[in-house]
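First comes the structure, then the notes that go with it.
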Amino acid sequence: MKSRSPSIIATFAFGLVVSACHGALHTGKGTVRDAGAGGSSGLGGQSSLTGGAAGGVGGVSTGGATSASGGNGAGGTGAAQGSADTRPTLPAGWVPPFTAKMGTPGWQQSTQPICDPWQGSQFAFDIWADARGVFALFSAVDGCPGDFCGSFGVSLKFNAGSGWQTLQEISPGATGYMGWHLWPSFPGGSLLMSGPLADQAGLYFVDGSNFTFQTVPTDMMSGAFVVGSDLAYVIDGMRLLKYSAGTWSTVGEATSSLSAVWADSQSVVVVGDDQTILMQSGNSPLTALPNVPAGNYTSVWAFGASDIWTGNSIGQLVHYDGKTWKVIPTGSQIDPAIGKLWGADGIVYFITGVEMGRWNGSSVDMLLEPAGSDHSGFFFDIWGRSAQEVFVAIMDRFYMTYTCGGTFMLWFDGSQFHQF
Amino acid sequence: MRIRKIRNIERRLTTSVRGFPLGGVLGLLLFTSQLSGMGCGGRTMLDSLLTVNTVSGSTGTSGQNAGGMGGTQGGGDSQPEGGSSPGSGSTGGASMGDAVSGGASGSGSHPLWRKSSQPFCSSLGSSVGSLHVWSDARGAFVMASLDGEAKLPTVSTNISTNTGSGWNTTYTWSGYDFDRALGLKGFVNGPLVAYLGPSCHIGFVDGGVASCSGAQPVDDVAVVNSNLAYAVYQDRVLQFDGNFWTQLGGPLPAAGAAPFLARSVWADASTIVVVGDAGHVYVIPSGGDPVLQTGLPEVDFFAVWAFAASDIWIGSADGQLYHHDGVTWSLKASIPGNCGSIHKLWGSDGSLFVLTQSLFGRWDGSGITTLSSLACDLTASFYDLWGNSPSEVFVVLEDRTHGIAGCGPAQVQWFNGSVVSPL
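Those protein sequences? They're chains D and L, same order as listed. Quick note: the first sequence uses our numbering, first residue 22, plus one each step. Quick note: the second sequence uses our numbering, first residue 523, plus one each step.
Put into structure tokens, the structure is as follows:
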């Protein structure tokens with residue numbers, strides 16, 4: 022579900038090129054560069070983002086980015102590797118394609134909206150947040166919307182409340198390349214990212230400019246969840262992998278493809294196709310929950326082993342209280358699969374292809390519904406820091422040929438949405 | 523924001539008595555006026571659908587093929603009701619034979635089904651995407667997915683109901699979010715079970731309100747009673763317990779390298795029979811493990827019906843009709859030709875009915891007797907079969923060459939034990 026995109030997602034062939042900036046992690050065909058020309062931008066325990074720089078990232082700037090607190094740069098968010106961004110400027114006054122009335126733009130002291138510098142089709146627009154701020158990853162691939170081919174790559178953005186800064190950019194080169202993803206990561210620590218780098222592809226712990234490759238097979242990674250600094254889970258096809266004590270192990274394997282994982286310190290739940298909902302509690306084996314309502318499950322969130330929320334491919338929330346199941350239709354019918362769930366304080370937020378809503382504890386609220394029949398807004402990701410601070414990644418295909426590629430970030434304060 | 527109440531994707535009843543649009547009326551007038559010179563006086567509009575009746579043939583394994591299945595013969599009328607007009611001798615389109623008389627028959631009067639005198643008419647589409655029929659004592663239900671014209675480039679899926687006084691559209695799915703329907707079954711005197719596209723894979727339609735019952739795409743459904751039904755897809759069997767559809771047991775294992783792909787399911791309270799590709803036939807006793815059947819060829823089986831665990835019938839893509847007597851399987855009949863694939867079986871009181879693309883027939887104890895047939899080409903096709911008794915059997919078909927003007931190609935026929943008539 023990470024890869025849902027309204028635009029063409031193509032398999033393409035080009036690799037990483039050496040960027041003319043410092044911070045190269047790999048020699049040869051690929052480099053990763055950090056954005057902070059003037060200081061550390063580490064994400065791990067060693068360094069704090071708030072002290073990191075937000076210097077220029079090179080390329081053609083399409084607009085100034087407000088630096089992070091303590092940052093000493095105000096670099097552009099422009100396209101990488103110096104290629105000219107030939108797209109027309111994004112028209113002022115984006116009209117969100119939803120019926121809900123938007124609140125005042127901005128989040129904390131951040132007033133400039135996020136912008137994807139790449140011109141390819143959006144493969145990923147992932148978000149994750151912790152106490153430090155909000156992270157967003159753009160992965161644009163060869164899809165050539167209109168005439169805007171030729172500038173594909175990855176940008177990792179960060180906003181600590183004072184503006185978006187670019188942390189990393191990965192430029193494609195001439196050999197094999199696939200899209201990248203940012204997964205739910207280590208709070209206050211490493212980011213969990215997957216994608217190809219030079220001659221290897223897989224899962225990385227990302228701290229600042231350090232990409233630590235994880236030697237665990239993840240060629241079909243479709244989900245991840247981090248519980249704490251030393252406990253994480255990753256889905257690889259039909260397998261559930263566990264990271265603990267610095268090592269990876271296989272928890273178990275399903276008979277159908279897995280889509281999403283949630284975990285706490287006691288339990289882990291994975292969902293997938295063919296009524297697959299499996300749970301491991303303590304040291305017990307990964308076991309199918311009993312009497313799962315038939316369906317293909319696409320997302321999961323839980324508040325414990327006896328309060329599990331799942332979403333399926335036809336727009337239903339399916340709840341398990343530890344004994345019985347309850348099916349709750351959301352009413353979504355256009356691209357209805359529940360792509361992501363995120364919850365806090367008993368409230369569960371969900372996104373489908375074109376809608377966002379929440380289980381408010383007793384019923385379903387539809388928060389963002391398409392305005393009209395065009396359904397131009399597509400939801401990529403959702404994450405939050407509290408029930409009153411939920412971030413949503415959206416692409417509006419009406420704007421995809423303009424600068425920023427039609428990507429927009431909203432946050433929900435519990436009653437209104439705001440662009441930032 | 524607005525609160526959307528928890529609901530089961532309710533949609534309001536779109537009840538409307540479907541009358542003929544103007545074009546359809548004019549077409550009918552023209553059509554019936556043309557027929558007026560053929561001795562059709564006194565017939566109902568339903569007779570206008572009739573193009574030719576044929577001699578019924580019996581197709582068995584002993585080579586006793588007899589009679590044409592296509593509409594190649596005109597001739598005298600042998601309808602029980604005493605029709606007297608000659609056939610038109612058409613070489614294509616729908617043809618309805620009299621299984622009882624076995625003689626050549628021409629177009630004559632046909633019995634009404636209950637008091638329904640107006641034929642099924644769906645003017646929404648130009649071609650049939652899918653067409654399904656199910657029935658109980660209340661009446662006949664037809665679910666049609668029709669591809670729209672250029673100005674209506676969507677798939678529209680309707681459920682039409684006929685309780686004996688004519689066809690009414692009782693539920694409509696419209697828009698591009700619904701793929702064409704995959705099948706229609708029902709709970710006796712209860713909800714209809716419509717298996718659909720991606721927005722709701724197993725839907726219940728009851729009293730003009732639809733709810734989404736199952737989230738898994740399925741290929742076939744067998745309803746046993748209000749608290750027991752089964753569905754199949756790929757290598758899985760789902761069971762409905764009155765509340766949820768859940769998976770029954772594990773995946774059905776494949777006998778060979780290819781995965782098992784289920785095609786059809788039949789069930790009663792004690793036995794489930796699942797047929798699928800590559801010779802896979804499973805008999806699952808209630809509460810027991812699935813038993814892969816042996817002694818069958820590795821052909822694709824598309825259809826299954828049973829009267830008991832010791833009286834199971836299956837039909838193959840190659841037109842072969844097999845029977846299981848509780849001990850062994852035996853080949854009972856083979857339908858030759860490119861259109862012989864048996865894709866539906868239905869039975870009642872020991873009478874087994876067979877449907878291929880071009881043939882609606884009945885197992886007569888030694889072969890398959892043709893009851894109605896279509897040309898074996900791209901212009902016509904039988905789609906589905908169901909009934910209430912051996913003397914009340916419904917079939918639905920697409921016939922692009924002999925439809926009623928303005929009503930589209932979807933048609934319904936019914937068999938009263940003696941003759942097949944338009945409905």
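Here a beta-carbon is modelled for each residue, glycine too, at the ideal position from N, C-alpha and C.
Practice item. Quick one: residues in its chain with C-beta nearer than 6 Å to the C-beta of residue 813 of chain L, no 5 flanking neighbours on either side, listed in chain order? Key: 805
**Study point:** Boundaries (first-last residue) of the beta strand (DSSP E) holding residue 417 of chain D
**Key:** From DSSP, the beta strand (DSSP E) with residue 417 of chain D extends over 410–417.
Check your understanding: Quick check: the stretch 840–860 of chain L against the stretch 746–763 of chain L, are there 3 or more CB pairs under 8 Å?
Key -> With the rule of 3 Cβ pairs closer than 8 Å, the stretch 840–860 of chain L does not count as touching the stretch 746–763 of chain L.
Check your understanding: Does the stretch 151–163 of chain D come close enough to the stretch 116–126 of chain D that 3 or more CB-CB pairs lie under 8 Å?
Key -> The stretch 116–126 of chain D vs the stretch 151–163 of chain D: no contact.
Practice item. Rounded to whole angstroms, what's the CA-CA distance from residue 400 of chain D to residue 373 of chain D? Just pull it up for me. Key: 7 Å
Check your understanding: Who are the neighbours of residue 845 of chain L on chain D, taking C-beta pairs under 7 Å?
Key -> Under the 7 Å cutoff, chain D gives no residues; its nearest Cβ is about 32 Å from residue 845 of chain L.
Review point. Do we get a CB-CB distance below 9 Å when we pair residue 788 of chain L with the residues of chain D?
Key: It does not: the Cβ of residue 788 of chain L has no partner Cβ on chain D nearer than 9 Å.
Check your understanding: Expressed to the nearest angstrom, what Euclidean distance is found between the alpha-carbon atoms of residue 833 of chain L and residue 358 of chain D?
Key -> The straight-line gap from Cα to Cα measures roughly 42 Å.
Review point. By DSSP, does residue 423 of chain D sit in helix, in strand, or in coil?
Key: If DSSP states are grouped into helix, strand and coil, residue 423 of chain D belongs with coil.
Point to revise | chain D within 9 Å of residue 468 of chain L, Cβ atoms only | key: This structure cannot speak to residue 468 of chain L, because chain L is shown only from 523 to 945.
Point to revise | Listed by chain order, chain L residues near residue 367 of chain D by CB distance under 7 Å | key: By Cβ distance, chain L contributes nothing, its closest Cβ being about 16 Å from residue 367 of chain D, past 7 Å.
**Study point:** Local Cβ density within 10 Å of residue 878 of chain L, reported as buried at 16 or more and exposed below that
**Key:** buried
Review point. Taking Cβ to Cβ, would you say residue 737 of chain L is nearer than 9 Å to residue 180 of chain D?
Key: no
Review point. Can you list the beta strand (DSSP E) stretches of 3 or more residues lying completely in the stretch 841–882 of chain L, in chain order?
Key: Runs found: 842–846, 851–856, 866–870, 873–877.
Review point. Beta-carbon separation of residue 653 of chain L and residue 849 of chain L under 9 Å?
Key: no
Exercise for review: Mind reading off the beta-carbon distance from residue 725 of chain L to residue 735 of chain L? Whole number of angstroms is fine, and I expect it under 8 Å.
Suggested key: Right, their Cβ atoms sit about 6 Å apart.
Point to revise | Chain-ordered neighbours of residue 766 of chain L on chain D, where CB pairs are closer than 9 Å | key: 312, 313, 314, 315, 346, 348
Point to revise | DSSP-derived helix/strand/coil call for residue 811 of chain L | key: coil
Point to revise | CB contact check: residue 883 of chain L to chain D, cutoff 9 Å | key: Not an interface residue.
**Study point:** Residue burial classification, residue 280 of chain D (beta-carbon count within 10 angstroms, cutoff 16)
**Key:** buried
Exercise for review: Assuming residue 315 of chain D contacts residue 301 of chain D (C-beta within less than 8 Å), just tell me the rounded distance between them.
Suggested key: With a Cβ gap of about 22 Å, residue 315 of chain D and residue 301 of chain D do not count as contacting.
Exercise for review: Give me the Cβ distance between residue 367 of chain D and residue 412 of chain D, rounded to the nearest whole Å; I'm assuming they're in contact under 8 Å.
Suggested key: About 19 Å separates the two Cβ atoms, so there is no contact after all.
Check your understanding: By DSSP, does residue 381 of chain D sit in helix, in strand, or in coil?
Key -> coil
Review point. Any heavy atom of the ligand FAD within a distance shorter than 8 Å of the CB on residue 108 of chain D?
Key: The ligand content of the structure shown is nil, which means the ligand FAD is not present either.
**Study point:** Closest Cα partner of residue 755 of chain L within the set L:855, L:767, L:746
**Key:** L:767
**Study point:** Residue-chain proximity (residue 723 of chain L, chain D), Cβ-Cβ < 9 Å
**Key:** yes
Practice item. For my contact list, residue 773 of chain L and residue 757 of chain L are in at a C-beta cut-off of 8 Å; report their separation, rounded to the angstrom. Key: 4 Å
**Study point:** is_contact[residue 296 of chain D, chain L] using C-beta, thresh 9 Å
**Key:** yes
Practice item. Can you check the stretch 191–238 of chain D for any beta strand (DSSP E) of at least 3 residues that lies completely inside it and give the ranges in chain order? Key: 202–204, 212–218, 221–228, 231–235
Point to revise | Cβ-based contacts, 7 Å cut-off: residues of the stretch 726–739 of chain L near chain D | key: 734, 736, 737, 738
Review point. In terms of residue numbering, what span does the beta strand (DSSP E) encompassing residue 935 of chain L cover?
Key: Where residue 935 of chain L is concerned, the enclosing beta strand (DSSP E) stretches over 932–937.
Review point. Can you tell me where the beta strand (DSSP E) with residue 123 of chain D in it begins and where it stops?
Key: Careful: residue 123 of chain D lies outside any beta strand (DSSP E) and carries neither H nor E.
Check your understanding: residue 699 of chain L CB to nearest chain D CB: under 9 Å?
Key -> Only weak support is given to the placement of residue 699 of chain L: the predicted model assigns it a pLDDT of 43, under 50, and the value that follows is read from those uncertain coordinates. By this cut-off, residue 699 of chain L is an interface position.
Review point. In terms of residues, what are the limits of the beta strand (DSSP E) holding residue 656 of chain L?
Key: Run containing residue 656 of chain L: 649–658, per the beta strand (DSSP E) assignment.
Check your understanding: By a C-beta neighbour count over all protein chains shown, 10 Å radius and 16 as the cutoff for buried, is residue 344 of chain D buried or exposed?
Key -> exposed
Review point. Taking buried to mean at least 16 other C-beta atoms within 10 Å of its own C-beta, is residue 190 of chain D buried or exposed?
Key: buried
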